[in-house]
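Everything in the sequence shown is counted per my numbering, starting at 16 for the first residue and increasing by one. Just so you know, even glycine gets a beta-carbon here, dropped at the ideal spot from N, CA and C. Just so we're clear, the structure is a prediction, and the values are computed from it rather than from any experiment. As structure tokens, the structure follows; a few thoughts come after it.
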Amino acid sequence: MLRLAVATAAETYDRMQEPLRTRDIEAVHVETTERTLSLDTGSDAFDADGFDVGFVYPSRLAEGGVADALLGVPWVNGREEILRSRHKGEALARLSTAGVPTPETVVVSNPTDEAALTAAFERFDGPVVVKPNSTTRGTGVARAHDLDSFLGICDYLDLVHDYRATGDQSFLVQEYLPDARDFRVMVVDGEAVGAVERRLPDEALAAGGWKHNVHRGAEATGVALEDDHRSLAEAAADAMGISWLGIDLLVTDDRAVVNETNARPTIDSATKYESGFWDDVAALVRAQT
16 MLRLAVATAA
26 ETYDRMQEPL
36 RTRDIEAVHV
46 ETTERTLSLD
56 TGSDAFDADG
66 FDVGFVYPSR
76 LAEGGVADAL
86 LGVPWVNGRE
96 EILRSRHKGE
106 ALARLSTAGV
116 PTPETVVVSN
126 PTDEAALTAA
136 FERFDGPVVV
146 KPNSTTRGTG
156 VARAHDLDSF
166 LGICDYLDLV
176 HDYRATGDQS
186 FLVQEYLPDA
196 RDFRVMVVDG
206 EAVGAVERRL
216 PDEALAAGGW
226 KHNVHRGAEA
236 TGVALEDDHR
246 SLAEAAADAM
256 GISWLGIDLL
266 VTDDRAVVNE
276 TNARPTIDSA
286 TKYESGFWDD
296 VAALVRAQT
């Protein structure tokens, strides 16, 4: 049986164990953070029996590099894929230059002067979305309706923002699409294999909520993708060159754009994916050996 080193103990690990076991893949959690690792023990620091493949390269890159060296396995996804997707500005730049539609975006290399920030804000009709370049789960994302509010958010970012995972102080200014539907599409080896629509409960919307992150209280409902949205997600994955990828789409009445990509996407319940999803995951894992 192939042994899979899984560098997460969250929902993805819980949901993959049984489906992969029935496909002769043993998924085993390997703890790469908040522990000690003796470099003299090599792969035995994790498991004396060793592993064949890793899933997915650890998010904390310093500890991940140590684990990678000790485990000595290929990854779904590897370090380069994680880095390519992690920084939102880079991902959007790659997508845009490949002809994949994205929201209008300005990347701010912080700190910069007020005149440059004002010029960035005035490119948009407003309001704008301000988001740290490397954040996840909607952390630090804000909406500004006027220039004064926007500059105030930038002041706070200048004062306190130093994202602990990367030390990155850059941020993005993006157009706000108020009526867009929010989809997360899972793409495996270039093929869209399922999607969910993320939506805040009505009471949260009535209270002024607007972020559709599941970790912010949104509900994820499995949906059948329209053909053009499927093609858009697959084009995004191809442009990124990543075989295991979550694609976030924002869809309005007249356009669809790729808002973000995630090379460490959470696996949802199997009912939200198409038939054969776990066969596709197993095949992707085996392809690394």
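According to DSSP, is residue i helix, strand or coil?
i    : result
V81  : helix
Y288 : strand
F139 : coil
G205 : coil
G167 : helix
L215 : coil
A60  : helix
E95  : helix
A239 : coil
R158 : strand
A278 : coil
V144 : strand
A302 : helix
A297 : helix
D173 : helix
Looking at the secondary structure, which residues open and close the alpha helix (DSSP H) in which residue i lies?
i    : result
Q32  : E26 to R36
H244 : D242 to M255
A131 : E129 to F136
E105 : K103 to T112
Rounded to whole angstroms, what is the Cα-Cα separation between residue i and residue j?
i    : j    : result
S124 : R301 : 40 Å
V188 : P118 : 10 Å
R94  : R38  : 26 Å
I317 : A130 : Residue numbering for the chain in the displayed model covers 16 to 304; residue 317 lies beyond these limits and cannot be assessed.
D62  : R50  : 15 Å
V266 : V122 : 22 Å
T112 : C169 : 27 Å
V81  : R270 : 44 Å
G261 : H244 : 13 Å
D197 : L264 : 6 Å
Assuming residue i and residue j are in contact, meaning their beta carbons sit under 8 Å apart, how far apart are those beta carbons, in whole angstroms?
i    : j    : result
L166 : L132 : 6 Å
V91  : W259 : 5 Å
R214 : E241 : Between E241 and R214 the Cβ distance is about 17 Å, and since that is not below 8 Å, they are no contact.
V202 : A248 : 6 Å
A337 : L86  : Since the first and last residues shown for the chain are 16 and 304, residue 337 lies out of range.
A22  : T47  : 5 Å
P89  : Q303 : 4 Å
V272 : P142 : Contact flag wrong, Cβ pair sits at about 17 Å.
R199 : A207 : About 11 Å separates the two Cβ atoms, so there is no contact after all.
For the beta strand (DSSP E) containing residue i, list its first residue and its last residue.
i    : result
L19  : L17 to V21
F70  : V68 to F70
T51  : No beta strand (DSSP E) contains T51, which DSSP labels as neither H nor E.
Q189 : F186 to E190
G261 : W259 to V266
T120 : T120 to V123
A2   : Outside the modelled stretch of the chain, which goes from 16 to 304, sits residue 2, for which no answer is possible.
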